[in-house]
Amino acid sequence: MVVLRKEGFRLISRSFEPFGINSGLMALNRLLSPISFRAYNCLSEPNDVSSANRRLSLRGCLDRHDGVSWRADDRTASARALKLHSQFVREPNVVLGEGLVNGSGSFKPGRPLGFPDRSIPEKMVVAVDVDEVLGSFLAALNKFIADRYSLKHSVSEYYVYEFFRIWNCSRAEADIRVHEFFKTPYFTNGIHPIPGACNALHKLSTFCHLSVVTSRQNVIKDHTLEWIEKHYPGLFQEIHFGNHFALDGQSRPKSEICRSLGAQVLIDDNPRYALECAEVGIRVLLFDYHNSYPWSKDDSAVSHPLVTKVHNWEEVKHHLISSAVP
Numbered sequence: 001m002v003v004l005r006k007e008g009f010r011l012i013s014r015s016f017e018p019f020g021i022n023s024g025l026m027a028l029n030r031l032l033s034p035i036s037f038r039a040y041n042c043l044s045e046p047n048d049v050s051s052a053n054r055r056l057s058l059r060g061c062l063d064r065h066d067g068v069s070w071r072a073d074d075r076t077a078s079a080r081a082l083k084l085h086s087q088f089v090r091e092p093n094v095v096l097g098e099g100l101v102n103g104s105g106s107f108k109p110g111r112p113l114g115f116p117d118r119s120i121p122e123k124m125v126v127a128v129d130v131d132e133v134l135g136s137f138l139a140a141l142n143k144f145i146a147d148r149y150s151l152k153h154s155v156s157e158y159y160v161y162e163f164f165r166i167w168n169c170s171r172a173e174a175d176i177r178v179h180e181f182f183k184t185p186y187f188t189n190g191i192h193p194i195p196g197a198c199n200a201l202h203k204l205s206t207f208c209h210l211s212v213v214t215s216r217q218n219v220i221k222d223h224t225l226e227w228i229e230k231h232y233p234g235l236f237q238e239i240h241f242g243n244h245f246a247l248d249g250q251s252r253p254k255s256e257i258c259r260s261l262g263a264q265v266l267i268d269d270n271p272r273y274a275l276e277c278a279e280v281g282i283r284v285l286l287f288d289y290h291n292s293y294p295w296s297k298d299d300s301a302v303s304h305p306l307v308t309k310v311h312n313w314e315e316v317k318h319h320l321i322s323s324a325v326p
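Structure follows, in structure tokens:
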């Protein structure tokens, strides 16, 4: 029995040599009585074994509903896993759930690392628009236009989502008015979340990788990020801006953004964007809240086989759950 223990210790020690771990520092003899290396048990905390240059973490994973926060290179990361298995990782390379914000304001978390033969099921990648899908932009804008320009309009008048056509002014003048709106409390405090959105997104986040894809301009990027974090905290993995109708800077098509992040579904209220994305193979849920968006009733978009009309967030949730269940 003693010989067998010693031989087992030698074999396990050799298996860790590629990681640069000094076997003398590993008290594996404690784990070998009886002879069983319990590496595949789920642990509540990581067991760290240190050497001069590297650290190896034996970490138990969580189920799909839990999360764990830990420190790696003085940066806090949040890890989520879908299977109960342990992972050996070299901590300097770990980016589990670590959020990065790039120059475009895109939040991109890391992915879990593990044994190559243990694949983690991919979540459905869903892109979500902001205005009229997450927040009531147009209602707030109408209040500003009424008070500033004495022009009263209701949401029911917008047969197209092109403001210059409704306001009877040039496109350039409409863009200027909208940018004036951005600098007022009508915009910063007056846009309210669409009812049911937050609750539905919380449930969808268990099997969907949610990202924001908005046509909003770069000039309101910071406020948009704050608004999303306030009303939809922690739900979106990435946030992308198309910079459409901007006074300066280049714009980026929604179809291009969606393809770049591998979106399988887009939730949007604008038929033009719906058709644009459907034509490149992306399924679209065309959002027409309680059938109250005149601009969403474009027959050419709705007739496309990849476009489905939805009228509230409960319907959105139902369609995505149906898609996820084989």
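Per the UniProt record's numbering, the sequence shown runs over residues 1 to 326.
Every residue gets a Cβ at the ideal spot worked out from N, C-alpha and C, and that includes glycine.
Since the model is a prediction, treat every value here as computed from it, not as a measurement.
Would residue i pass as a contact of residue j if the rule is Cβ separation under 9 Å?
i: Leu261; j: Ala174; result: no
i: Asp288; j: Cys277; result: no
i: His192; j: Ser251; result: no
i: Ile194; j: Val133; result: yes
i: Val213; j: Leu266; result: yes
i: Trp313; j: Gly234; result: no
i: Leu210; j: Phe236; result: yes
i: Leu306; j: Gly281; result: yes
i: His311; j: His290; result: yes
Would you mind working out which of the options sits nearest residue i, comparing C-alpha positions?
i: Asp129; options: Val280, Thr224, Leu247; result: Thr224
i: Val284; options: His290, Ile191, Lys309, Lys297; result: Lys309
i: Ser292; options: Lys123, Tyr159, Leu151, Arg148; result: Tyr159
i: Gln217; options: Lys152, Ser170, Lys254; result: Lys254
i: Asp222; options: Lys297, Phe187, Phe207, Thr206; result: Phe187
i: Trp295; options: Pro271, Glu279, His311, Asp131; result: Pro271
i: His231; options: Gly190, Ile282, Thr184; result: Gly190
i: Glu122; options: Lys297, Leu286, Ala263, Glu315; result: Ala263
i: Cys169; options: Thr184, Lys183, Asp298, Ile145; result: Ile145
i: Thr184; options: Asp131, Arg148, Glu157, Asp298; result: Arg148
i: Asp131; options: Cys208, Ser300, Leu286; result: Leu286
My assumption, with CB atoms under 8 Å, is that residue i sits in contact with residue j. Please give the rounded CB distance.
i: Ile239; j: Ile257; result: That pair is no contact at about 11 Å.
i: Ser215; j: Gly249; result: That belief does not hold up - the Cβ atoms of Ser215 and Gly249 are roughly 13 Å apart, past 8 Å.
i: residue 338; j: Met124; result: Because the chain here runs from 1 to 326, residue 338 falls outside it and cannot be looked at.
**Prompt:** Between the segment 197-210 and the segment 163-174, are three or more C-beta pairs nearer than 8 Å?
**Reply:** no
**Message:** If contact is defined by three or more beta carbon pairs under 8 Å, each pair taking one atom from either stretch, is the segment 176-191 in contact with the segment 135-148?
**Reply:** Judged by Cβ distances under 8 Å, the segment 135-148 makes contact with the segment 176-191, as three or more pairs qualify.
**Request:** Determine, using beta-carbon pairs with one atom in the segment 312-320 and one in the segment 158-169, whether at least three such pairs fall under 8 Å.
**Result:** no
**beta strand (DSSP E) runs contained entirely in the segment 236-305, provided each spans 3 or more residues** = 238-241, 265-268, 283-287
**Message:** Just to confirm the assignment: which complete alpha helix (DSSP H) runs, minimum length 4, are found wholly within the segment 138-173?
**Reply:** DSSP runs (the alpha helix (DSSP H)) wholly in the segment 138-173: 163-167.
**Request:** Write down every uninterrupted run of the beta strand (DSSP E) in the segment 193-220 whose length is 3 residues or greater and which is fully enclosed by it, in chain order.
**Result:** The beta strand (DSSP E) runs lying completely inside the segment 193-220 and spanning 3 residues or more are 208-214, given in chain order.
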